[in-house]
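Below you'll find the structure, written out as structure tokens, and then a few comments.
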Amino acid sequence: MNRRDFLRHAAGFVAGGLAAPWLRGTAAGTAAPPSFWSRFPAATDFEAKVPVIRLATDRVIHRFFDTSPISPSGRYVGLFRLPNETRPPQPGETGEVIVVDLETGRERTVATSRGWETQMGANVQWGRTDADLFFNDVDPATWTPFAVRLDPATGERRRLAGTVFTVSPDGGQLTSYNLVASRLIQVGYGVVLPETQTRRNRGPVSDDGIFVTDLATGRVRMIVSIQEMLERAVPKLEIPHADRCEFYCFQVRWNRQGTRLMTFLRWHDPAAAKGGPRLLTLLTMKGDGSDIRVAVSPQQYARGGHHPMWTPDGEHLTLNLNIRDGTKDLDLVRVRYDGSDLRSIHPVGSGHPSQHPTLPFMITDAYPREPVTRGDGTAPLRLIDLRSRTEVALAHVLQTTSDTRKLTSEHRIDAHPVWDATGRYVVFNGVHRNTRSVFVADLAEWLRKAMDRV
């Protein structure tokens with residue numbers, strides 16, 4: 006973001022009445038500490054440059070870098086507790102949906118779930134209000150996966166048609182892909198059923214794709230099939246031997262405006278040597294499945310890249326991508342939803358990057374083998390200033406346990422840093438005393454000082 010773009014963006018931010026009190030600071034010139042901060046233990050293990058507290062521990066994770074686990078009112082945090090940390094989930098095995106009350110400091114198990122995996126848990130996330138907590142479950146009598154809408158305060162729950170990967174910005178729809186079949190292309194993000202209940206998609210099928218559940222009617226419908234993605238994408242996707250490949254959708258998320266979705270289309274050729282490489286492309290579309298555009302082509306992704314996220318304007322996406330010849334390094338790039346206007350916004354990409362809701366900063370982490378790590382089992386919590394293309398490691402988050410080296414990649418502990426709705430806090434996963442734990446960093450003072458330097 007150049008200075009002219011930033012100033013125009015910032016002017017709209019202030020004119021719109023959205024300037025947060027914490028950004029303005031107090032009469033003493035510093036951001037006031039949040040009222041709940043003293044109710045949780047300080048996290049002192051990460052060499053942090055900002056205040057960090059530990060919200061929950063003992064096999065606990067928050068969902069992902071695209072949904073904040075903090076409820077709409079800001080009082081509650083929805084998390085998931087794995088039943089174990091050293092073996093893959095088994096069909097029918099239960100984990101716990103937990104809610105942390107920031108006002109009282111108490112943690113409570115509000116439900117159990119059979120619909121989870123190691124990276125995303127049960128896809129626990131909030132809807133429109135604090136009475137709308139969504140997650141996945143499985144009926145073991147029929148091996149049917151389904152989404153649940155729970156009011157944690159009353160215990161009232163409703164079984165819904167379809168599953169949930171993300172909730173629409175207005176809270177009116179659940180959006181998902183086939184969370185069972187997609188495990189055949191990548192594990193860790195879906196729902197585990199017996200192998201006999203897990204289908205394979207041979208060729209570009211017409212009965213699998215992206216699904217939306219209307220919460221007003223309770224009905225689920227497929228808005229676009231895999232076959233339609235291949236037929237209607239612009240520019241057209243040319244995939245050799247498509248009829249013998251296996252195709253799966255993977256991940257789906259809305260832009261903030263609720264006007265477009267992104268999803269991966271992934272595939273491989275079982276007839277090729279060793280099943281062939283796992284290939285992918287990033288598609289975007291309108292909320293009804295129309296106007297399908299290729300944002301990142303298979304050829305671009307084949308160079309190396311990962312973890313796209315919508316920017317606040319709803320028109321662009323950011324991701325890590327190799328765009329420079331002669332190197333395997335990743336840049337942090339921005340691209341329009343139709344694949345145009347691809348440009349580097351920071352020369353070093355890593356982890357799970359996302360942009361602040363209103364300010365010119367990115368937050369991300371790193372995988373253990375990415376160059377920005379120190380090789381000591383920690384990952385930097387990187388705050389990137391898009392105005393100057395400079396960065397600071399706000400903390401070095403422990404992401405390994407004593408069992409890490411013995412386990413497969415589905416057991417990795419990713420920080421998945423995510424901004425809360427106000428842009429003051431970053432929630433992330435880490436390790437405390439050899440177990441998965443969830444933390445919150447308060448960036449108010451750091452961001453305030455950074456903005457004062459403009």
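For the sequence shown, position 319 matches number 324 in my numbering, and the numbering has no gaps at all. Even glycine gets a Cβ: it sits at the ideal position worked out from N, Cα and C.
- Taking a contact as a CB-CB distance under 8 Å, the pair R154 and D137 counts as one, their CB atoms being some 6 Å apart.
- C-alpha of V239 to C-alpha of V301: approximately 11 Å in a straight line.
- Under DSSP, K291 forms a beta bridge with R265.
- Taking C-beta atoms under 8 Å as the contact rule, N434 and A420 qualify, at a distance of about 5 Å.
- In the three-state scheme derived from DSSP, where H, G and I count as helix and E and B as strand, R162 is classed as strand.
- Taking the Cα positions, M367 is about 29 Å away from G294.
- For Y182, there is no enclosing beta strand (DSSP E), as DSSP marks it with neither H nor E.
- Leaving aside the five residues that flank K241 on each side, none in its chain has a CB nearer than 6 Å to its CB.
- Using a Cβ-Cβ distance cut-off of 8 Å, the region 302 to 320 and the region 246 to 265 are in contact, since at least three pairs of beta carbons, one from each stretch, lie closer than that value.
- A Cβ-Cβ separation of about 14 Å leaves I244 out of contact with V210 under the 8 Å criterion.
- Inter-segment contact for the region 331 to 350 and the region 403 to 417 is absent: fewer than three beta-carbon pairs are separated by less than 8 Å.
- Linking K454 to V55 through their CA atoms gives a straight-line distance of about 12 Å.
- In the DSSP assignment, the residues bridged to V104 are G83 and R113.
- Membership of E251 in the beta strand (DSSP E) is indicated by the continuous run E251 to W259.
- Judged by beta-carbon spacing, T72 lies within the 8 Å limit of V423, meaning their Cβ atoms are closer than that value.
- Taking the Cα positions, R80 is about 44 Å away from L235.
- Less than 8 Å divides the Cβ of S187 from the Cβ of Y253.
- Counting only runs of at least 3 residues, the region 316 to 399 fully encloses the following beta strand (DSSP E) elements, listed from N- to C-terminal order: 321 to 326, 336 to 341, 348 to 351, 366 to 369 and 383 to 390.
- With distances taken between CA atoms, R308 lies nearest to I328 out of V299, K291, I297 and I328.
- Rounded to the nearest angstrom, the Cβ distance from V102 to V129 is 6 Å, consistent with a contact under 8 Å.
- As a beta-bridge residue in DSSP terms, A152 pairs with N141 and L165.
- Looking at the backbone, the Cα of H361 and that of A276 are separated by about 44 Å.
- G126 and G100 do touch by the CB rule: their CB atoms are close to 7 Å apart, below 8 Å.
- Annotated as distal: A400 and A36, with beta-carbon spacing of 8 Å or more.
- The beta carbon of V115 lies closer than 6 Å to those of V102, V104 and P157 in the same chain, with the five residues before and after it left out.
- Contact check for E251 against R205 passes: the beta carbons are separated by less than 8 Å.
- A distance below 7 Å between beta-carbons, with the five flanking residues on each side excluded, links R283 to the following residues of its chain, in chain order: I190, R271 and H273.
- Residue pairing by DSSP places R283 in no beta bridge whatsoever.
- Minimum Cα-Cα distance from V217 among the listed residues E200, F140 and V229 corresponds to V229.
- With distances taken between CA atoms, F45 lies nearest to G110 out of D219, G110 and R86.
- Assignment of D425 by DSSP, reduced to helix, strand and coil, places it in the coil class.
- Looking at the DSSP output, L270 bridges to C254 and T286.
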